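Asks:
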Amino acid sequence: MGMIIILKDFRQKSCLLIDMTAPIDINVSVKTYQKLSKYKDLEIEISKMWNLKTKTIPIVIGALGMTAKLADYYLAQIPGNPKMAEVQKIVLMGTAHILRNILSM
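Going by this note's numbering, the residue at position 9 of the sequence shown is 9; the numbering climbs one at a time, nothing skipped.
#1: Taking its Cβ as the centre, do 16 or more other Cβ atoms sit within 10 Å of K31, making it buried, or is it exposed?
#2: Apart from the five residues just before and just after I59, which ones in its own chain have a Cβ nearer than 8 Å to its Cβ?
#3: Apply the 10 Å Cβ neighbour rule to A68 and answer buried if 16 or more other Cβ atoms are within range, or exposed otherwise.
#4: So, for S14: in the same chain, excluding its five sequence neighbours on each side, which residues have a beta-carbon less than 7 Å away from its beta-carbon?
#5: When burial is assigned at 16 or more other CB atoms within 10 Å of the CB, is A63 buried or exposed?
#6: Please name the residue in T95, L36, N101 whose C-alpha comes closest to that of L16.
#7: Using C-beta distances below 7 Å, list every residue in its chain close to L42, excluding the 5 sequence neighbours before and after it, in chain order.
#8: So, helix, strand or coil for I57, using DSSP?
#9: Keeping to the same chain, check which residues put their C-beta closer than 8 Å to that of M49; ignore five residues upstream and five downstream.
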């Protein structure tokens with residue numbers, strides 16, 4: 001499960017690449033660093049192309065709600081002030097949905 005959101009703010013000359021994923025809990029910290037390195041080239045290209053300060057924000061919540069050490073730091077950088085509990089609840093509801101579908105087969 002993964003998704004990327006790109007927020008461009010031409011007034012502040014900034015661009016946020018928000019990448020969200022929900023891996024198995026033991027891979028949370030590994031996925032965080034993979035996301036940061038995966039989008040480094042894209043950050044550089046966007047900076048050159050649009051002349052914007054670009055930053056990647058990995059939001060990695062384990063399928064059972066586990067978070068990496070810096071998850072709160074990254075979440076605080078997203079406009080709108082999302083709460084960690086809300087994000088974890090969304091991930092857990094998605095995990096429950098997948099389990100219900102598999103167990104009802």
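C-beta atoms are modelled at their ideal positions from N, C-alpha and C, and glycine is treated no differently.
These numbers were taken from a predicted model, which means no experiment stands behind them.
Replies: In this structure, then:
#1: Taking the first residue of the sequence shown as position 1, residue 31 is located at position 31. By the 10 Å Cβ count, K31 comes out buried.
#2: Position 59 of the sequence shown, counting from 1, holds the residue named residue 59. For I59, where only same-chain residues beyond five positions count, the Cβ hits under 8 Å are I18, D19, M20, T21, A71, Y74, L75, I78, V87.
#3: To locate residue 68, count along the sequence shown from 1; it is residue 68. Per the 10 Å Cβ criterion, buried.
#4: Position 14 of the sequence shown, counting from 1, holds the residue named residue 14. Only L52, K53 meet the Cβ criterion.
#5: Indexing the sequence shown from 1 puts residue 63 at position 63. Looking at its Cβ environment, which holds 16 or more other Cβ atoms inside 10 Å, A63 is buried.
#6: By one-based count along the sequence shown, residue 16 stands at place 16. Considering only T95, L36, N101, the residue with the shortest C-alpha distance to L16 is L36.
#7: Against the sequence shown, residue 42 aligns to sequence position 42. Cβ neighbours of L42 beyond the five flanking positions: L17.
#8: Indexing the sequence shown from 1 puts residue 57 at position 57. Per DSSP, reduced to three states, the secondary structure at I57 is strand.
#9: Numbered from 1 along the sequence shown, position 49 holds the residue referred to as residue 49. So no residue of the chain qualifies.
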